[in-house]
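Numbering (UniProt numbering), first residue to last: 1 to 364.
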């Protein structure tokens, strides 16, 4: 049998391309994460380490052990994901497991924006174990999602690496699409959602300038900031800037970058990075994590506020500088609009950015 030189060269090229293909480390990383996270949780349960559950309570040891069990199951599911696609029953078990485990760990990411605001304000870390628990849970959700996406691509006959329909295993260097702007529909949707920030930001600004709103006097609010705020928060308040509004503006900056070309190629004012391609995951990871957490938290507030107003659930009791139930209820609703609006806008913009910047395997 005679093999042409061209055919032989093509075969060697494909083998070379496959050899250059970076291995998918997400399943292994998820397994390592699951084992280490489980050991940490068991250690916390055994030593009675305090991990915040709410503002005034801590997680019981039984909850730590339950979370450790889920972490081990997640590691097993990721280990089975590489081979379970060959057997129908195995595919179903792995698919159902990942579908249940991802939201279980993603729920822990809800507290991530709160930790971020606390750090930005200069208040420091309120609870090291709480921050570690939130970060580890978030990382686990991200790794499981990566495994689930690659698995879904394989089952659909696509490249697990880039999601394309090319022949062969794929590999080589990434081929990135040119920088582009989000569609008009995406921009309009993101801007409408972003408007949810306005009621909350306006009320905070009115208080900082000494005005009264929602039954709260500006003098009482400023006194509360001076008494409980950090040096950074007090300095910003003296300029009429609330630290949480500043954190929201950082979210708006991220959202805007996801929709325009300067979010894909560093602009001229970012010298010496000007003209270089922005690493794809640099804006996507914070957008996904923050957007998902804010959307879940804000939606919960939006549901709770009207239900409490009509008596279906207990009313929101005034705390701190608030003097009326109605004022507190309105502030909860404004917070829900703010968090859900900004979070939803980030998710919409991130979805567009991920689609517009998705690279494909080169040399296939």
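Every residue gets a Cβ at the ideal spot worked out from N, C-alpha and C, and that includes glycine. All values reported here derive from a predicted model rather than from experimental measurement.
Can you check DSSP and say which residues form a bridge with residue 58? Paired residues: 52.
Between residue 31 and the rest of its own chain, which residues show a CB-CB distance below 7 Å, the 5 nearest in sequence each way excluded? Excluding sequence positions up to five before and after residue 31, its CB lies within less than 7 Å of the CB of 75, 78, 79, all in the same chain and listed in chain order.
Report yes if the C-beta distance between residue 292 and residue 343 is below 8 Å; otherwise report no. For residue 292 and residue 343, yes; Cβs fall inside 8 Å.
Is the beta carbon of residue 309 closer than 8 Å to that of residue 324? With respect to residue 309, residue 324 sits apart: the two C-beta atoms are not nearer than 8 Å.
If you count every other CB in all the chains shown that lies within 10 Å of the CB of residue 254, and 16 or more means buried, which is it? When all chains shown are included, residue 254 counts as buried.
Going by the beta-carbon positions, is the gap between residue 155 and residue 91 smaller than 8 Å? Yes, the pair counts as a contact, with Cβ atoms nearer than the cut-off.
Could you check what DSSP says for residue 151 in three-state terms: helix, strand or coil? Residue state for residue 151 is assigned as helix, using DSSP reduced to three classes.
How many Å lie between residue 110 and residue 339 at the Cα? The C-alpha of residue 339 is placed about 11 Å away from the C-alpha of residue 110.
Cβ contact check for the segment 126 to 145 and the segment 41 to 52: 3 or more pairs under 8 Å: Judged by Cβ distances under 8 Å, the segment 126 to 145 makes contact with the segment 41 to 52, as three or more pairs qualify.
Exposed or buried, what is residue 216 when buried is set at 16 or more other beta-carbons lying within 10 Å of its beta-carbon? Classification for residue 216: buried.
Could one say the Cβ of residue 325 lies closer than 8 Å to chain C's Cβ atoms, at least one of them? In summary, chain C is missing from the structure at hand, where a single protein chain is found.
Tell me which residue opens and which closes the alpha helix (DSSP H) that residue 270 is part of. For residue 270, there is no enclosing alpha helix (DSSP H), as DSSP marks it with neither H nor E.
For residue 56 and residue 251, what's the separation of their Cα atoms in angstroms? Residue 56 and residue 251 have their C-alpha atoms roughly 28 Å apart.
Is the beta carbon of residue 359 sitting closer than 8 Å to the one on residue 162? Yes, the Cβ-Cβ distance between residue 359 and residue 162 is below 8 Å.
Residue 71 versus residue 141 - alpha carbon distance: In a straight line, the C-alpha of residue 71 is about 10 Å away from that of residue 141.
In angstroms with no decimal places, state the Cα-to-Cα distance between residue 211 and residue 219. So the alpha carbons of these two residues sit roughly 8 Å apart.
With burial defined as no fewer than 16 other Cβ atoms inside 10 Å of the residue's Cβ, what is the status of residue 178: buried or exposed? By the Cβ neighbour-count rule, residue 178 is exposed, with fewer than 16 other Cβ atoms within 10 Å of its own.
Quick one: measure Cβ to Cβ for residue 350 and residue 288, integer angstroms, because I've assumed they're closer than 8 Å. Contact check for residue 350 and residue 288: beta-carbon distance about 6 Å, within the 8 Å limit, so the pair qualifies.
Excluding five sequence neighbours on each side, which residues of the same chain lie with their C-beta closer than 8 Å to the C-beta of residue 348? The beta carbon of residue 348 sits closer than 8 Å to the beta carbons of 186, 189, 190, 193 from its chain, once the five residues preceding and following it are set aside; these are given in chain order.
Please report how far the alpha carbon of residue 352 lies from the alpha carbon of residue 106, in whole angstroms. One C-alpha to the other measures close to 21 Å.
Could you give the residue range of the alpha helix (DSSP H) that holds residue 43? Per DSSP, residue 43 belongs to the alpha helix (DSSP H) from 26 to 47.
Since residue 42 and residue 65 should fall inside the 8 Å C-beta cutoff, what is the C-beta to C-beta distance between them, to a whole number of angstroms? The Cβ separation is near 7 Å, so the contact holds.
Which two residues bound the contiguous alpha helix (DSSP H) that contains residue 315? Where residue 315 is concerned, there is no enclosing alpha helix (DSSP H), given that its DSSP letter is neither H nor E.
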